[in-house]
Every structure is written in C-alpha cells, then in structure tokens.
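Protein chains in written order, with the working numbering: chain A, 1 to 436; chain B, 437 to 872.
Written out below as structure tokens is the structure these notes cover.
Written as structure tokens, this is what we have:
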C-alpha cells in the first residue's frame, strides 16, 4: 500500500521536474546544431508561402480544392538537407506524372466494357499494381533511392484511377493535381536551396574528416593513458571516447551519401563529386575504430612497463595520431595528403622498434605478465597502422577522383579547423537521429 | 574513336544482360524472406478493400470525395510489421484528431476580426505552428516514436485551418476527413494483424538469438582456422563471416524495438514484454563482435604453435562457442539459461591454462614471434570471455523481467532451431534494408 501512495505522490513532482527540464532540452537541441532552428523557420515559411494560394482569388480559381496538394507536398517533401529535399521532390514529381498517366489509361481501359464491369476491372488493376510495386520496394537499389517515389506511384495511380470512377473530368483533375504537386515541390526546393541551404554533401565531407580526427584524439591520448595508474585515470578518459560514434555511423553515412548524390554542385564540390567513395573511406574508418575499441578494453588493466617500452609505445601512438590528423586535414582542405607519409613511416619505425624491444626484453627475462599485456596492445597498434595505410590510400584515390588541388601551403587554417570540428560533432548526432 | 564505338555497341548488350538478370533478382528478393510476397499481397488487398467505398453508392454518398483520405491512409500507413503499422496508424489517427480540433479552433479565431484580417491571422497561425512542430521533430524522443505523428499534425492543421478559408462547412469537412482516415487506418491495421501477421517483436527476439549463434559459429571455427596454414584456409573462411552483420545492427535493432513496443501481446510474448532490454543485450553482443573483428584480423598471420598450446586454444574457443550457443538456445526456448555456466567455467579454466602455458613457455625459451602473436589472441579471447559473462547476465535479467519458465527439458528442438536460423538470416537482411 505504501509503495503505491509514494508513486501517486511522486507523479506531480515528476511532471513538474519534466516541465522544468524542458527549456534546458530545447536549448540543448538548438545548441547541438543551430541549423535546426533555421530549418524550422524555413519549413514555416515554405508552408505559409504555398498557402497564399488559398487567400488570393486569382490564384485559387485555377486550381480550386486541388490547392491542398501543394500544401501537402511542401510539408511532406521538405527535408533537412538540400539533397534529401531534391530527392523526395523529384521522386514525388516523377512518380505523380508517370502514375497519373498510367492511372488515366487504366481509367479509360476499365470504362470500355461498360458500367457494370468497370469497378471490377478497376479493382483488379489496383490490386495488381499495388502488389507489384509493394514488392519492388524490397529491391535494395529501389529501396535506397526510389522508395518514396514508389509509394507515391501507388498513391497517385489509385487516386486517379479510382476517384476517376466518380469524377467525370479525370483528365482535368489529373492535370490540376500534377500542377499543384509541381508547384508545391518547387516551393519546397526553392526555399530549401536559396535560404541558408544545408548541404548533405558538405556534412558528409565534414563527417569523414571529423571521424579521422576522433581516431587521432584517441590514439594520441591512449599512449599517455595506458601507462597511467588506474586511480589517476578517470578524469580525462571521457575525452577519448569520441571515436565511439564512428562504430555505428554506417547508416547515417549511407543516408548522407544518398542525399548528396541528388545535390547539384555547391561550394567546393563539383558536379559528379565521387560521393560513393566516401562509403569506402567510412568502412575503412570503422575497421580502424573496431581496433580502437579493442585497445580501449586494454585501458582497464594496470601495466607497469620499462620507461624504454613506454617511450616507444607513446611514439607509435603519437605518430599514428599525427598521421590521422594530417589525413583529416587533407580532406578538410581538399588537398592531396603528402606530409602524412612521413608520420606513417615514423609510426612504422616506432612499431618496429617496439617489437624488437619486446623480443629482446624476453631474453632479459622481464615480468611475463607485462610482456603478454603489452604484446596485445602492440599487435593491435600494428593493425591500426595497417588500417591507417589503407585509409591514406583511399584518400589518395579520392584526391585523384575529385581532382584535389595542392594549395599554396597545403596546411589548414587551425582556427577554422577547430570551428569545423565543433560543428561536425553536432552534425554526426543530428544525422544519426534524422536518418532513422 | 574506337573506344566510343565499343561503348555504343556495348550499351544494348548491357541492357540485355540487366533484363536477363531481373528474374534472378526477383527470385533472390523473394527467397531472402518469403514474407515479402505475402506483405505485397496484403497491401494490394487492403487498398482494394478500401477502394470499394468508391464503387458502392451507399458507402460513397456519406463521405464523397473525402473517401480519398481512406485510400491515402492505407497506402501510407501499411508497413511490413504489425508494430510499425500500429505505430503509424495510431500516430496518424491521434495527430489528425488533435490537429483537426486545433485547426477548427484556429479557423474560428481567425474569422472573428473580419474578412480582411482573416488570411493574415491564418498565415501567422500556420507559420508559428509549422515552425514549432518542425523544431519539436528534432527532439530525440519525439523523433523515435512520434515523428510521423508530428508531420501529420502540421499537415492536418494546415489543411483544416487554411482550406477552411474556402470551404464554409469546416466542421463537416473535418469530421468527414477524420472518419475516413480512421476507416483507412482500421483497414490497414485489420489486414496487417489478421492476415498472416508479421510481428516485429518476434523478429527482434530471433535476431538476438541469431546474433549469438553467429558469434558461436565464429568462435568454434576460429579455433581450427587459426592454426591452419594460410594456403589451405580460403575455402571455409566465408562461413565464419556471419558475425559481421552484427557490427552494423544497431539501427535495425532500434527500429525493431520501436515497432515491437507498439505491438499487443502475441505468441509467446506477453503484454509489456521488456523490449527495451533487447537494446542492452544487442549492445553487449556488438561489444563482443568488435573483439571478434579484431580476432578475425589475426587470422591472416601464419602461426606455428606447439600442439599443447593449439589444444588449449581450441578448447577455449570451443567452450566459448558452446556457451554462446546455449545462451542463444535459452533465448529461443524462452527458458532461463542454466547449463551455460558449465561452459563459461570450462572456458575460463581453459583460458587460465592457456595463460600459464604461455608463461611457462617463456621460460622454455620458445620462439618469441609465436609468443607475441599468440598472446594477442589469448588476450582478445579473455575479453570475449568477459563479454560472454556480461551477455549471460543480461539474458538472466531478461529471463526474470519476462518471467521465462523452465521447460521440461529446457533443450531446444534442433530441427526447429535450424529452421529458425535460416529464417532469421533473411530477417536481419530484410530489416536492415527496410529500416533505412
């Protein structure tokens, strides 16, 4: 009995605390990515613009109640990034046009044999088309790029062919509907592109660079952290965990690539920028992140190693981190990476020294516990080294595919870099959420 | 010149080969998950059913052109699993009702000051509401469960309040629209639940068991594989890679959990089954899969170890694999795991022996290269062991949360198990695709 009383008494307090937390939550959502506020205002603007059709007689007279479809299209098509909006808009436009034509044909075909058979024929057409197109939606390629279009195809076909049974002027209705949908789509795309555009390609590019920086942060921190006693460790470990977002980045990356492929040239990205190549880079980055996750597990054991071993370890980690940072900078500045090779070579050298140190250590009969623990880390670091080389190769590929040019100094502006990093963190989060 | 001629000649051949591949692709999509065919037919049926409203005068007279909304709702709400359909249907229904009421209120409020100010007031209302609700969609909790509802909220509010400017009988229009949307929603939910239902909860449960089985397959195979020479290795390595699907399973798992939470009790799953707990289990399973990915990287090195070391290694892997299989079976049969403890204890024992073997091996001065390589694998296996214990704990938690009961023998029916495994493979794939 007492327990239930407590629950009842807690309810208002719980609600009060939830309401109290709300302004904080609003602030957090807005601060994570300030572009969310801009996006919300853009949606409001686009809908208000298109609803003007209702208020002005000269505009309304032409379309009548079909104006509804313009409002509906803006609401459904307007997405966070330009690419996603364009993709949805083109899908909707094309699907409406094709399905409208087909629905019109079906309507006339069904009307030929006479009034009694017409509804039966229409029902059969609708059943066959809906079943077929629903099945097509399971094809992976269709799913990725045309899923929304296929849904709209079913929708328009049904509306035109079936409601044509009641509305005598099917052609006029179909024409009005297509026109208003096109008007709605254009309004959405126009507002999306010309007022503070948010480019998926830009986000994808930053995400790739930011992921490499997260790897670098972990590697550079790991060297110091690994030989710290566990009691002193807690405080700065949180800063190392940035790489964890990479582990589950596959789907948000795919959705960004998919949106970016619909975008026209913008900023530093030319037409036919090799967006698909970012999937390859992303997959290699994740390979590397899996190794870091295993390394992260090694942080929990207390290891005492000789100062010599410590130094070699730290050197390897630091050089790997520098190489990663250089690769990230190459992506950011869109210049071919060149100085990283020195860091990779140094990391290789340090890893080689580390290995031979461990081996000669055996002869001198150091503590075996140390050797076993340290050997794991050394071997994982060698894996990371191999990953780094592969990532470097794929960035060279990207550089040649996208015709990166060498800047005068090739070094990124550091202040800008920090800004971009802060921004990118929220981009990752945002896209993980919006892509679900 | 010659190159372009070749390209032109190749085009028809390319198209021909693509067309030729098509039947094979259809077969593959259908075989990966035969329920896709069933789903497609269900969609066709539901749409045909709801379009009957157009054909029969008594039905059509009541709703008129609002019948369109019933067709539209079925097409948009009908999803692959019952949970997803229910979630979308409830979202749409509730959002339409609330936004309809609010839109009706806004329409009347705007009409009060007079005809000239009405469109301006309406425009302001629409702008404020669309902006606010668009921003709300970025809140992670809203995004996960109510995203579609929020979109429908904007849509209905705009349609009711704005088109009310032209249509005098707003209340009648709103009432018709809500009724037809409810009819459409019910048709979709009815067909989805009562004709060969596809439960997201069931798929999620199988996915959890199947993932553990994939871990077991890798672990059991790894023991043998690791000491095979690389030249003999290629053939059977593909069978080990099943665990890779786990690495990127987070989002499909989340979408399944989200759908499952909308589902009523079904089959062996009671009302309030702890679906959220599957996220915890999934995250631990992925932790384990990351270690396996690192282990997988070790497969590429040629290692010669003493027969004694080999034996201990294989024992550890085999016992870990058995423990995983037992855990998977516990999930499948929904009985608390009990026999796994023996396997985990055996695995611990074997790992302990392996460690001491390696240490004494050092004294006997075996090849250091071997020690270093083998130490890595041993240490990763210890990590896997720790993960296995955590997974086991979380399954015990699930067993107590969901009140698993001990069966008479507690052992799964093996034939059934194989069937379920084959099925689950396609489920994973399907949900990875459909959840994008």
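No residue lacks a Cβ here, since even glycine has one placed at the ideal position from N, Cα and C.
Residues bridged to residue i (per DSSP)
i	result
residue 269 of chain A	A/266
Beta-carbon gap between residue i and residue j smaller than 9 Å
i	j	result
residue 396 of chain A	residue 336 of chain A	yes
residue 173 of chain A	residue 161 of chain A	no
residue 111 of chain A	residue 125 of chain A	no
residue 216 of chain A	residue 324 of chain A	yes
residue 879 of chain B	residue 75 of chain A	This structure cannot settle anything about residue 879 of chain B, because the visible part of chain B is limited to 437 through 872.
residue 787 of chain B	residue 817 of chain B	yes
residue 181 of chain A	residue 73 of chain A	yes
residue 327 of chain A	residue 257 of chain A	no
residue 731 of chain B	residue 821 of chain B	no
residue 202 of chain A	residue 267 of chain A	yes
residue 509 of chain A	residue 347 of chain A	The first residue shown for chain A is 1 and the last is 436, placing residue 509 of chain A beyond what the model contains.
residue 531 of chain B	residue 586 of chain B	yes
residue 496 of chain B	residue 177 of chain A	no
residue 575 of chain B	residue 29 of chain A	yes
residue 252 of chain A	residue 84 of chain A	no
residue 487 of chain B	residue 114 of chain A	no
residue 54 of chain A	residue 555 of chain B	yes
residue 476 of chain B	residue 132 of chain A	yes
residue 565 of chain B	residue 557 of chain B	no
residue 355 of chain A	residue 378 of chain A	yes
residue 648 of chain B	residue 767 of chain B	yes
residue 56 of chain A	residue 179 of chain A	no
Cutoff 7 Å; reference residue i; Cβ partners in own chain excluding five residues on either side
i	result
residue 522 of chain B	625, 698, 699
residue 415 of chain A	For residue 415 of chain A, the pLDDT reaches just 39, beneath the cut-off of 50, and the residue's location in the model is therefore unreliable, leaving the point undetermined.
residue 147 of chain A	137
residue 277 of chain A	397, 398, 401
residue 812 of chain B	734
residue 534 of chain B	589
residue 156 of chain A	95, 96, 99, 100, 103
residue 408 of chain A	Reliability of the predicted coordinates at residue 408 of chain A is poor, the pLDDT of 41 falling under 50, and no value is obtained from them.
residue 793 of chain B	744, 745, 748
Cutoff 8 Å; reference residue i; Cβ partners in own chain excluding five residues on either side
i	result
residue 627 of chain B	478, 481, 482, 485, 514
residue 717 of chain B	644, 827, 830, 831, 834
residue 707 of chain B	700, 701
residue 411 of chain A	Residue confidence for residue 411 of chain A is low, a pLDDT of 42 falling below 50, so the modelled location carries little weight; the figure read from the coordinates is stated next. So the list reads 329, 333, once near-sequence residues are dropped.
residue 448 of chain B	none
residue 849 of chain B	Its pLDDT being 39, under 50, residue 849 of chain B is placed unreliably by the model, and nothing is read from it.
residue 279 of chain A	253, 254, 257
Own chain, CB closer than 6 Å to residue i, minus 5 neighbours either side, in chain order
i	result
residue 243 of chain A	214, 215, 218, 289, 292
residue 629 of chain B	518
residue 434 of chain A	Confidence is the limiting factor: at residue 434 of chain A the pLDDT is only 38, short of 50, which leaves the residue's position unreliable, though a coordinate-based value still follows. Cβ within range, chain order: 80.
residue 158 of chain A	126
residue 789 of chain B	748
residue 383 of chain A	291
residue 240 of chain A	218, 221
residue 471 of chain B	634
residue 183 of chain A	70
Is it the case that the segment 644-660 of chain B contacts the segment 739-759 of chain B, given that we only count it when at least three CB pairs across the two stretches are under 8 Å?
yes
Check whether the segment 522-537 of chain B touches the segment 484-504 of chain B, counting contact only when three or more Cβ pairs, one atom from each stretch, lie closer than 8 Å.
no
Three or more C-beta pairs under 8 Å: does that hold for the segment 478-487 of chain B against the segment 611-623 of chain B?
A contact exists between the segment 478-487 of chain B and the segment 611-623 of chain B.
Tell me the start and end of each unbroken alpha helix (DSSP H) in the segment 468-515 of chain B that is at least 4 residues and wholly inside, in chain order.
471-491, 493-499, 503-513
So, do the segment 629-648 of chain B and the segment 578-598 of chain B have three or more beta carbon pairs nearer to each other than 8 Å?
Result no; under three Cβ-Cβ pairs closer than 8 Å.
I want to know whether the segment 240-251 of chain A touches the segment 281-300 of chain A - three or more CB-CB distances under 8 Å.
yes
List, from N- to C-terminal side, the alpha helix (DSSP H) runs of 4 residues or more that fit wholly inside the segment 138-170 of chain A.
140-163
Uninterrupted alpha helix (DSSP H) stretches inside the segment 600-659 of chain B (no shorter than 4 residues):
606-630
Quick one: which unbroken alpha helix (DSSP H) runs of 4-plus residues sit fully inside the segment 270-351 of chain A? Chain order, please.
Fully enclosed alpha helix (DSSP H) runs of 4 or longer: 277-298, 307-333.
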